[in-house]
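S.K.:
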Amino acid sequence: MNIAEAEVPIENTQSLEMLRVQDLHAFYGESHILHGVNFDVKRGELVTLLGRNGAGRSTTLKSIMNMVGRRTGSIVINGNETLYMKPHHIPRLGVGYCPEERGIFASLDVHENLLLPPTVRSGGMSLDEIYAMFPNLYERRRSQGTRLSGGEQQMLAMARILRTGARMLLLDEITEGLAPVIVQKLAEVLVQLKGRGMTIVLVEQNFRFAAPLADRHFVMDHGQIVEEISAAQLPSRREHLNSMLGV
Amino acid sequence: MTMIFGVPMAVFMGQLTLGLVNGAFYALLSLGLAVIFGLLKIVNFAHGAQYMLGAFAALLGFRYLGINYWLALLLVPLVVGAFGVLLERFLLRRIAHLDHLYGLLLTFGLALIFEGTLVNFFGVSGARYATPEILQGGLNLGFMFLPTYRAWVLVAALAMCLFTWFMIERTRLGAYLRAGTENSQLMQAFGVNVPLLITLTYGFGVGLAAFAGVLAAPLYPVSPTMGSSLLIVVFAVVVIGGMGSILGAIITGLSMGIIEGLTKVYYPEASNTVIFLVMILVLMLRPVGLFGKEA
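Chains as they are written, first to last, in UniProt numbering: chain X, 1 to 247; chain H, 1 to 295.
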């Protein structure tokens, strides 16, 4: 018995599609949060989920990770239907998840936090590469995880899923409450990750941060995707989008 | 004769040793309780019964299978721990999604069933388990007489405490345990098999209790109720130490044993209540416990 056994699932290399979500409904107890979400993400693509608070963006990411009460519909990751998979099997399909609250562990130091998530497949970034990407973390590697600044904690939360070999990252509100210089750094990191062929789903409130990075934007409202906007369409749709997001 | 605060040195040191040995049991048991509480969030009321099962398994194993003390020390924690694994897998897991109070009630009920069953067969008077030959007798240290078996219990219990501390604070599995204690859902989202981790943790905690039970078998009468009386004190020790720290549980266990032992020397009437007085004091001054972390 191995608590962190790494299973290599059947890889469907032909498919260009990394993620396909169809008619996804999600429930927390009695409350029905997602009402038939449909979208797809291609391999190597960066997409955003935009929308007001409570539109269901975070719940969509949690549903993909099987962290909500009940789900119906279909979630295909890399050719594998995951709706009936146990939560701890989903990361092993090559999925890395960074929660909105960052989830840095107080009882672990920075280095331990970084080493915590088990390797899910080969080809993850080495510790050296990660520390080169985030020099601050190297300097503070012996500090308790929650003693870091907000920006450093966010970098740690990102960095630790890069080590695991995940090929698709689900990032929830990574810029929330951070200083502009840190947000800029995170944007650079995302560009680098995209350059490495990572597929990224970004839940984002900060549209100015997301706009230049994303290939496509999905706008959510009342637990559904109400609009899809490609990067090319963005300039002409900007005003419309601003009014929808209430910014 | 040398006197310490008006008490003969030999008496003082004798009670100190007795206190340390009791403290070693408090430490072992509160450690298991803290580890289980950390990850499962249930107060394991069956802990005392599981300690008792350890002592009984050693006694019956010797009586019917000829298993000697040393083998029992190795086998009994594994067997009783495996029994704990089954309890978690088939009973505790079913109520894991309910309020933690149900876990407390279930383990309390289990303790009553274990005790009642054994009382039915063996009565409450308690049986004697022979001290292994090599640990009989004692050492004359000049200023006191140290019974060999008590010295051994102290060494073995401390070694097991340190082993547990090392496993939890210095290994990868321990890092999973600490992280799972904080946020088990996120650990699942990293690909860690948390249900398995929970099962193994419960089994480990139960195995620790059984190990303490085997150590206790030659010292105290082996009786079905030996665990329930001890458990109340251990709960007080856990409250005093706080849930946050492994090292804290060890230090609190030992020091409460010493305080109890010294109270027996200077004011015997209070020796049964002194730990609870300390508990009240700690709850008034530092409700999270001496080593507990503020939430």
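Glycine included, each C-beta is placed from N, C-alpha and C at the ideal position.
Quick one: residues in its chain with C-beta nearer than 7 Å to the C-beta of H:A236, no 5 flanking neighbours on either side, listed in chain order?
M.R.: I275, F276, M279.
S.K.: Run the CB neighbour count on H:P218, radius 10 Å, all protein chains shown included, and call it buried at 16 or more, exposed below.
M.R.: Counting Cβ neighbours within 10 Å, H:P218 comes out buried, since at least 16 surround it.
S.K.: Mind checking if X:V8 is an interface residue toward chain H, Cβ cutoff 8 Å exclusive?
M.R.: With a pLDDT of only 48 at X:V8, under the threshold of 50, the placement of this residue in the model should not be trusted; the figure read from the coordinates follows. It does not: the Cβ of X:V8 has no partner Cβ on chain H nearer than 8 Å.
S.K.: Pick helix, strand or coil for X:N78, following the three-state DSSP scheme.
M.R.: Three-state DSSP puts X:N78 in coil, outside helix and strand.
S.K.: Would you give the residue range spanned by the beta strand (DSSP E) that X:A231 belongs to?
M.R.: Taken as a continuous stretch (DSSP letters only), X:A231 belongs to no beta strand (DSSP E), as it is neither H nor E.
S.K.: For X:I10, which residues from the same chain have a beta carbon less than 6 Å from its beta carbon, with the 5 sequence-adjacent residues on both sides left out?
M.R.: For X:I10, the pLDDT reaches just 49, beneath the cut-off of 50, and the residue's location in the model is therefore unreliable, although a value from the coordinates is still provided. Here the set comprises nothing.
S.K.: Put H:I259 into one of helix, strand or coil per three-state DSSP.
M.R.: H:I259 falls in the helix class under three-state DSSP.
S.K.: So the candidates are H:M187, H:G54, H:G116; which of them puts its Cα closest to the Cα of H:V29?
M.R.: Contrary to the premise, residue 29 of chain H reads as Leu rather than Val in this sequence. The shortest C-alpha separation from H:L29 is found at H:G54.
S.K.: What are the boundary residues of the beta strand (DSSP E) that X:R216 is part of?
M.R.: 216–221 is the extent of the beta strand (DSSP E) around X:R216.
S.K.: Please determine, among H:R94, H:A58, H:I95, H:F90, the residue with the shortest C-alpha to C-alpha distance to H:L78.
M.R.: Cα-wise, what sits closest to H:L78 is H:A58.
S.K.: Measure from the alpha carbon of X:L190 to the alpha carbon of each residue in X:R92, X:M158, X:I104, X:T60, then state which is nearest.
M.R.: Comparing Cα positions, the closest option is X:M158.
S.K.: Whose CA, out of H:H100, H:W152, H:G191, lies closest to the CA of X:V120?
M.R.: Ranking H:H100, H:W152, H:G191 by Cα distance to X:V120 puts H:G191 first.
S.K.: For a contact defined as C-beta to C-beta under 9 Å, what are the partners of X:A92 on chain H?
M.R.: Ala is not the amino acid found at residue 92 of chain X; the sequence shown has Arg there. The answer, in chain order, is G191.
S.K.: X:R141 by DSSP, collapsed to three states: which one?
M.R.: Note: X:R141 maps to coil in three-state DSSP.
S.K.: Is DSSP giving H:V97 helix, strand or coil here?
M.R.: For the sequence presented, residue 97 of chain H should be read as His rather than Val. Coil.
S.K.: Apply the 10 Å Cβ neighbour rule to X:M1 and answer buried if 16 or more other Cβ atoms are within range, or exposed otherwise.
M.R.: Any answer about X:M1 is weak, because its pLDDT of 47 lies below 50 and its placement is not dependable; what the coordinates show is given next. The residue in question, X:M1, is exposed, as its Cβ has fewer than 16 Cβ neighbours within 10 Å.
S.K.: Closer than 8 Å between beta carbons: that is the criterion. Which residues of the segment 29–55 of chain X meet it against chain H?
M.R.: Going along the segment 29–55 of chain X in chain order, one finds no residue with a Cβ nearer than 8 Å to chain H.
S.K.: Near H:F5, which residues of its chain fall below 6 Å by C-beta distance, leaving aside the five closest residues on each side in sequence?
M.R.: Excluding positions up to five away in sequence, the list is empty.
S.K.: For H:A216, which residues of its own chain have a beta-carbon under 6 Å away from its beta-carbon, when the five flanking residues on both sides are left out?
M.R.: Counting only Cβ-Cβ distances below 6 Å, and skipping sequence neighbours, we find A55.
S.K.: Let me check understanding here. Comparing Cα to Cα, which of H:G38, H:L33, H:P147 lies closest to H:A10?
M.R.: The shortest C-alpha separation from H:A10 is found at H:P147.
S.K.: Considering only their Cβ atoms, is the gap separating H:A72 from H:V153 smaller than 8 Å?
M.R.: No.
S.K.: Are the Cβ atoms of X:L46 and X:A166 separated by less than 8 Å?
M.R.: Not closer than 8 Å, so no.
S.K.: Starting from the C-beta of X:R20, find all residues in its chain whose C-beta is less than 6 Å away, skip the five residues before and the five after it, and write them out in chain order.
M.R.: For X:R20, where only same-chain residues beyond five positions count, the Cβ hits under 6 Å are D40, V76.
S.K.: Just to confirm, is the Cβ distance from H:A175 to X:L108 under 8 Å?
M.R.: Yes. Within cutoff.
S.K.: Using three-state DSSP, classify H:T131 as helix, strand or coil.
M.R.: Looking at H:T131 - three-state DSSP - the assignment turns out to be coil, as it is neither helix nor strand.
S.K.: Compare the beta carbon distance of X:M220 and X:A26 with 8 Å and say whether it is the shorter of the two.
M.R.: The answer is no: Cβ separation not under 8 Å.
S.K.: Going by DSSP, which residues form a beta bridge with H:G138?
M.R.: In DSSP, H:G138 forms a bridge with H:P147.
S.K.: Taking one C-beta from the segment 141–157 of chain X and one from the segment 90–97 of chain X each time, how about it: are there three or more such pairs within less than 8 Å?
M.R.: No, because fewer than three Cβ pairs between the segment 141–157 of chain X and the segment 90–97 of chain X fall closer than 8 Å, the two stretches do not touch.
S.K.: Considering only residues of the same chain and omitting the five flanking positions on each side of H:S255, which have a CB-CB separation below 8 Å?
M.R.: Answer for H:S255: G23, listed in chain order.
S.K.: Spatial neighbours of H:M144 within its chain, please: CB distance less than 8 Å, with the 5 preceding and 5 following residues excluded, ordered by chain position.
M.R.: Excluding sequence neighbours, H:M144 sits near M9, A10, M13, G14, T17.
S.K.: So the candidates are X:M65, X:L156, X:L127, X:L241; which of them puts its Cα closest to the Cα of X:V110?
M.R.: Of X:M65, X:L156, X:L127, X:L241, the residue nearest in Cα terms is X:L156.
S.K.: Nearest by alpha-carbon distance to X:M125: which of X:R142, X:L162, X:Q144 is it?
M.R.: Looking at the Cα atoms, X:L162 is the closest of the given residues.
S.K.: With DSSP collapsed to three states, give me the class of H:G191.
M.R.: Three-state result, H:G191: coil.
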